[in-house]
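Some notes on the structure that comes next.
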Amino acid sequence: MNTIKNVPARVLSRRSGHSLEAEREQFDKNQAMSISKAINTVEAPVKEKHARRIILGTHHEKGAFTFWSYAIGLPLPSSAILSWKFCHVLHKVLRDGHPNVLQDCLRYRSNIRETGDLWGHLHDRYGQLVNIYTKLLLTKISFHHKHPEFPPGLEVTDEVLEKAAGTDVNNIFQLTVEMFDYMDCELRLTESVFRQLNTSMAVSQMSAVQCRLAPLIQVIQDCSHLYHYTVKLMFKLHSCLPADTLQGHRDRFHEQFRSLKNFFKRASDMLYFKRLIQIPRLPENPPNFLRASALAEHVKPVVVIPEEAPEDEEPENLIEISTAPSVEQPVVSDIFEQTFGPPNGIRDNRDLEIENLKKEIDLLRAELEKIKLEAQRYITQLKAQINSLEAEVEEQRKQKQKALVDNEQLRDELERLQKGKAEGDRSRLLCLEAEKKASATEIRYTKLKEKHSELINTHAELLRKNADTAKQLTVTQQSQEEVARIKEQLAFQMEQVKRELEMKLEDQTLQMEQVKRELGAKEGELAQLQESLSQSKQVGSSLNSQLETLQVEKDSLRKSVSEKECELISTRGLIQEKELLLSQEAERRAKEVQELQAKLMEKKSQEQGLQQKLLDDQFSILQGTVKEAENIIQDAVAKLDDPLHIRCTSSPDYLISRAQAALESVTAVESGHGRYVTNMADATGLVTALAQFAHLTADAIVNGSATSHLAPTDHADKLIETCRDCGQQSLDYLNKLKDKQLLHQADPADVRKTLQGLLQLGQALRPQSLDIRQEELGDMVDKEMASTSAAIEDAVRRIEEMMNQARMESSGVKLEVNERILNSCTDLMKAIRLLVKTSTHLQKEIVESGRGAATPQEFYAKNSRWTEGLISASKAVGWGATQLVESADRVVLHTGKYEELIVCSHEIAASTAQLVAASKVKAEKTSQNLSKLQECSRTVNEMAANVVASTKSGQEQVEDKDTMDFSGMSLIKLKMEEMESQVKVLELEKTLENERLRLGELRRQHYALAGIYAENADGGKPAVARKPGTLKKPPVAQKPSQPFKQDNELDQDDGVYQAHVVNF
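When you read off a place in the sequence shown, starting at 1, and then add 13, the result is the number in the working numbering.
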């Protein structure tokens, strides 16, 4: 790195005199000066140089600590302009300041909200703007805190936007809604500013106008980015979700598009903005989100801020400010020049270059440090995000592992149960199969045994046959042996004969021949014997073959018998084995059943213990509640004798309401007590009812004591005694609840009786409508007529004030509509005023003509029902006029509904008709005042009709009706829209039917209450309005229009009841 040699002495002295404390002090001083110059009560825009210094200060200290330390000391509640300029500067600091400003502002959100709420409650023009501006700033801070990837300047690339939106359609949907809310706050501020500027002020260059318009520069910058981001997100949503689901998003975007386009167009036409900012132009039509290719046609709006000329003011160094005394510099400079001398007779500029280089190095070093710190902060945030994500992944992995383990355990248990069930089923099947096999084997064994006996019999028969055959064979063999022996004997005899013949040839020739003959006969016999022998051999061979066959069959039968015997033995062994297994399984199951029975008994004992503990806990909770209830009631009873409570007073009406509430709580206690007695394991209902009972009963006792302080002596004594009795009965009932033996016998009937007595005393003390003395009735008529006239005069005055205010604050169509409505209301008020005056004259004429020798008070007292009807009608007229003025005020301020004006007009017409009818009852038919009164009534009806007509026309003029363009819809889409429209029509018809039912019930209750007042006036018992069993759709309800009758002709069948004094 290059080093600077021979640094001048003044540079060294300046650097040696520098200190952090002095630099901080100078920085705080400069910031305080800039803040005080930027945020003041002068109605002029904030100067850019002061705001720039404040912003540079945030970059210098890497936060907004100094700014907030001075800002919270500003007297913002004292001046709306001061608060407005504070919001402007805070907006600029958030947008262009250091990134850590957002974190500092989070700590002061409550201060911003309190400032906005304060000015929102005050009717100040700048105050309303401050209220809206603070809501915008709070929305901005919350949005950027929730989405740190969006800086407060809202400048991010499309890649960052895609990353912030993610791939989850729910996140995209939520982010789009939050950006819509952000845009609504921005546009609401612009609409409020332009609403306060009329046409003459908007084109002027006054500082007051510029003070309001200056913050809109930051609004334009924010809106351009928000519009671009919402377009991107809307296209992305339409690529993921069906178009019908996003219909609400499209409607909201189109509305914001129209407002933003009008704002940009109006701001572009103002000279103030033309030199400060280049406002982009939006397309003629909003993007078509239903066509994905329309995204390519979208052009991002770009806001350009022209570079400003340098201000004619000495620049201040915010970094490395020198604190050396200025008086030493000339001296050091002179010494330097005396020692070295200026080169070539001129002053050396190297000192200045060195200082400039030093400043540049310090600036670069500060910038590098800032970049490093910012990078380190980003790295820290990313590491924190990575750690949080890793922790989430680890937690999810643990949960997954736990779920897998639980799943594996459940699977093992299920498999074990299934195996046990399968083994039991298999054992039962094997047992059944073994039984079947055993029975089949026994049958087969029986059959084999029978077959075996048959084979034995057959074998014995064959043996017998074989013995016979063997005997025959022996006989045959003996015959053969005898033949052989005979043959040998014959051969011997032939030899002997030959010898004899040789000796006796001649002598025995005859013998020879005889022998030959005998020999021939013997040979024949021999041949026969040979044939019989061959036949015997053949029979023997056949017998041998049969014997062999029988032997083979016998061997096979023996073999099959042995196999069956082996199979039978194996089956018996298998059956024995299965029986052994079944016996073992039965023993094991028996053991398990015994163990389960033991566990079940143990569980039952534990459950009984827990049940007993639950009963004890519930009873202890009940005891605690009873004790607390006793304390509350004892405290209330103690206040009966408290001298400090004498100054407390209450009204009989309030006492009645408290006594009724206490009676309802007694019913709740009774039901809760019954449930607790039925199920003593649940004391929730009784505990809740006891707490409410204690508070309400104590409240009734205290209010009874307070009411007795204003009551007559007899009533006061009875009231105090009843309160004491009520407290004592309540304590007795609570004492019974504390004892388990008396718990079932506890009955709050005595408490209810005392509370009913308290209620009756309150009703006896309540002033009735007929308690008004007769001498006060006439004065009340005059007072009510005078108050009605005063209310109408005040209504006329307020309408004129609203007219002037509307002319100042609105213009165009709205001004025309407001003027027409207010003019019609003024005409109606004038007509009502004339009608009231005429009614007053007619009333005086009636009194003068009808009283005779009596006083007006006596006349009013004599005709008390007519008088009270007149008073009620007068009150209704005054109340209707007041409601009409309030409704007109809300309509002009765009906080009310036009239908309220229409309803008030109808009510005023009905009230004036009632007043005319009340006046007409006693008037002479030939009275001129009566004719005038009827003419005024017709005029009032006409003026009311004019109010209704002007209201409806103004409503049609002001309401913005969207054009219904269905050209781009398909047949199916049109059918779906048609079905949705039919559904809405049915819903609206159902709502209309319900409202008509409600209106009919309200009017029925109104007439029922009128009947109650009439019966109370006659001394009868109040009639309870009967609730109809089945509600039918009533016709359009109209107020009764029967003419008034005389006092002696009025009855309830005519639908006319006595009017009573009712405070509206």
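Where is the CB? At the ideal position from N, CA and C, for every residue including glycine.
Every value quoted in this text rests on a predicted model; they were computed, and no experiment measured them.
Checking the sheet assignment: what are the DSSP bridge partners for residue i?
| i | result |
| --- | --- |
| Q291 | V317 |
For residue i, is the beta carbon positioned less than 6 angstroms from some heavy atom of the ligand FAD?
| i | result |
| --- | --- |
| E598 | Absent from the structure shown: the ligand FAD. Ligands present: none. |
Let me confirm a value: residue i is counted as buried when at least 16 other C-beta atoms fall within 10 Å, else exposed. Which label applies?
| i | result |
| --- | --- |
| E788 | Residue placement at E788 is flagged as unreliable, the pLDDT there being 49, under the threshold of 50; the coordinate-derived value follows with that caveat. E788 comes out exposed. |
| E578 | exposed |
| V317 | exposed |
| S633 | exposed |
| Q260 | exposed |
| D654 | exposed |
| L167 | buried |
| F277 | buried |
| I392 | exposed |
| T939 | exposed |
| C917 | buried |
| E467 | exposed |
| V679 | buried |
| Q412 | exposed |
| H251 | buried |
| V715 | buried |
| I469 | exposed |
| P665 | buried |
| P228 | buried |
| L33 | exposed |
| V683 | For the sequence presented, residue 683 should be read as Glu rather than Val. It is buried - the Cβ of E683 has at least 16 other Cβ atoms within 10 Å. |
Ends of the alpha helix (DSSP H) at residue i?
| i | result |
| --- | --- |
| G1090 | Given that the chain is displayed from residue 14 to residue 1077, the structure contains no residue 1090 and the question cannot be resolved. |
| C198 | V182 to Q209 |
| C118 | V114 to L119 |
| C739 | T726 to K751 |
| N275 | Q260 to S281 |
| A221 | S220 to L226 |
| T147 | R138 to K159 |
| I1099 | Any question about residue 1099 goes unanswered here, given that the chain covers just 14 to 1077. |
| T243 | L229 to H251 |
| V679 | P665 to T691 |
| S932 | Y911 to K935 |
| Q769 | A762 to L778 |
Using a threshold of 7 angstroms, state whether the C-beta atoms of residue i and residue j are closer than that.
| i | j | result |
| --- | --- | --- |
| Y285 | Q209 | no |
| T964 | Y911 | yes |
| L778 | A724 | yes |
| T152 | I125 | no |
| P319 | S237 | no |
| A889 | A931 | no |
| I52 | K98 | yes |
| A936 | I859 | yes |
| A894 | A759 | no |
| V898 | A808 | yes |
| R271 | F193 | no |
I'd like to know if residue i contacts chain B, where contact means its C-beta is closer than 7 angstroms to some C-beta of that chain.
| i | result |
| --- | --- |
| S47 | No chain B appears in this structure, which consists of one protein chain only. |
task: Let me know the alpha helix (DSSP H) ranges lying completely inside the segment 25-76, each 4 residues or longer, listed in chain order.
output: 33-51 and 61-74
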